[in-house]
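Residue numbers (my numbering): 591 to 1034.
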């Protein structure tokens, strides 16, 4: 019993400390005077005015859609925080919502209109970084900074895998990174926040925790869950668990404390650490809801909760206008999957067809599995069973929040990075490698 109490105590303590730190930083940065961010906020607002909310940057592909709208609203909220009431104004997340997103933001920074809209469920913890950064640079450069930081960390991790004799994993992981179009992280904060959080968690894990047992890692994943909800809410939030866990399984397969562990032991590790991440994520959700209840009252809190829950199974339509026909439950669930698969291919904007996503996806999956079946000697289930659990998580998330995944697929599809990495590594390690070893190559 005492052995069980100690990990639980550490997890609870870590979650409480992480939540306290998040709230402190949110309140502290909200105290920055508006006058200090005035110049860069005006430059940012002028940048957004006249720009499309969701322009296509390259060709006409759905994976090249830039999200200016969300970034504009976020910057608008950041500017409208009242330093005289930092906590309450940050929780209320008020902004000027008149006209287009850019016009409302510009009206706010020019003092032409007061706050008229509240978005309490939205207060991204990225305000902790963005408000200080807006003292020295406009949104365009902040986007580049976020994208650069995340990309550099990923390159460092790929290099670390290579140096530690995980060359196949390094190549597959790098290929998966490219397949989710990382250049888009440089042009939208909405795309890059969860990715940057995941990258930071991976780096910390690799430098400090990769040789630790699960009992030491569970508080870490719980804290990552807290920070994820605080920083991001809903985009590609599962990356902050799946990518560090992917590295953990790779490391343990040859170096760590559970070398030679059974399939059950390795799968249990995924479940235990994943449960801790989910606990931290849920705890921050409940704290945020409690703050909104305290600051704005029951009606606003209930409305925000209802809007959030709508993302689970709310109505979706065939087109983006209110008179369009509703989509049935089965079509919504399947669309939540294939809309995200479609973004991995050169799918064009406009009316997408399910066959354009299912056929190439199933064809590639079939070719890969056929190669493994025909070429494999022995499948390393000790490593790949838990990896396949990770690979399924994005799709379970798409189904669980089918409304969100169906509509915002051009954001959420990047969560499949871990699925791509696992599939490529599985085919190489259990299929392609057999051709190489038969020709005298060395297995990596």
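Quick reminder that beta carbons are idealized off the backbone N, C-alpha and C, glycines included.
Bridge partners - residue i, DSSP secondary structure assignment
i, result
"residue 983", "Bridge partners of residue 983: none, in fact."
"residue 655", "646"
"residue 708", "684"
Where residue i falls: helix, strand or coil (DSSP)
i, result
"residue 700", "coil"
"residue 907", "strand"
"residue 896", "helix"
"residue 687", "coil"
"residue 828", "coil"
"residue 1002", "helix"
"residue 728", "coil"
"residue 873", "helix"
"residue 623", "coil"
"residue 544", "The structure shown has nothing for residue 544, since the chain only spans 591 to 1034."
"residue 867", "helix"
"residue 767", "helix"
"residue 773", "helix"
"residue 716", "coil"
"residue 1010", "helix"
"residue 754", "coil"
"residue 823", "coil"
"residue 1021", "helix"
"residue 1027", "helix"
"residue 887", "coil"
"residue 850", "Unreliable placement is indicated for residue 850, whose pLDDT of 47 sits below 50; the coordinate value is still reported in the next sentence. It is coil, neither helix nor strand."
"residue 641", "coil"
"residue 902", "helix"
"residue 666", "helix"
"residue 611", "helix"
"residue 672", "coil"
"residue 843", "coil"
Cβ distance (whole Å) where residue i is taken to contact residue j below 8 angstroms
i, j, result
"residue 725", "residue 1002", "About 32 angstroms separates the two Cβ atoms, so there is no contact after all."
"residue 824", "residue 991", "7 angstroms"
"residue 838", "residue 759", "At roughly 12 angstroms, the Cβ-Cβ gap does not stay under 8 angstroms, so residue 838 and residue 759 are not in contact."
"residue 781", "residue 642", "Incorrect: roughly 16 angstroms between the Cβ atoms, too far for contact."
"residue 733", "residue 777", "6 angstroms"
"residue 682", "residue 898", "No, residue 682 and residue 898 are not in contact; Cβ-Cβ is about 16 angstroms, not under 8 angstroms."
"residue 835", "residue 860", "6 angstroms"
"residue 874", "residue 819", "4 angstroms"
"residue 809", "residue 969", "About 33 angstroms separates the two Cβ atoms, so there is no contact after all."
"residue 705", "residue 686", "6 angstroms"
"residue 907", "residue 916", "6 angstroms"
"residue 1012", "residue 816", "In fact, because the Cβ distance is near 26 angstroms, the residues do not count as touching under 8 angstroms."
"residue 936", "residue 651", "6 angstroms"
"residue 671", "residue 620", "5 angstroms"
"residue 678", "residue 890", "The Cβ separation is near 12 angstroms, so there is no contact."
"residue 787", "residue 749", "In fact, because the Cβ distance is near 21 angstroms, the residues do not count as touching under 8 angstroms."
"residue 659", "residue 644", "6 angstroms"
"residue 585", "residue 807", "Nothing about residue 585 can be reported from this structure: the residues present for the chain run from 591 to 1034 only."
"residue 746", "residue 793", "7 angstroms"
"residue 996", "residue 926", "5 angstroms"
Residue i Cβ short of 7 angstroms to the ligand ADP heavy atom set
i, result
"residue 606", "Among the ligands in the structure shown, none appear at all, so the ligand ADP cannot be discussed."
Item to check | contact_flag[the stretch 943-962, the stretch 927-935] where n(CB pairs < 8 angstroms) is 3 or more | outcome: yes
Item to check | Ordered list of alpha helix (DSSP H) runs contained in the stretch 911-984, each at least 4 residues | outcome: 919-932, 945-965
Next on the checklist: For the stretch 729-747 against the stretch 955-975, do three or more pairs of beta-carbon atoms, one drawn from each stretch, fall closer than 8 angstroms, so that the two count as touching?
Outcome noted: no
Item to check | 4-residue-minimum alpha helix (DSSP H) runs that sit fully inside the stretch 775-810, ordered along the chain | outcome: 779-794
Next on the checklist: Count Cβ pairs between the stretch 698-716 and the stretch 799-813 that sit closer than 8 angstroms; are there 3 or more?
Outcome noted: no
Item to check | Validate contact between the stretch 632-640 and the stretch 684-702 using beta carbons, cut 8 angstroms, 3 pairs | outcome: yes
Checklist entry - So, do the stretch 889-898 and the stretch 615-634 have three or more beta carbon pairs nearer to each other than 8 angstroms? => result no
Item to check | Cβ pair count under 8 angstroms reaching 3, the stretch 734-747 against the stretch 981-988 | outcome: no
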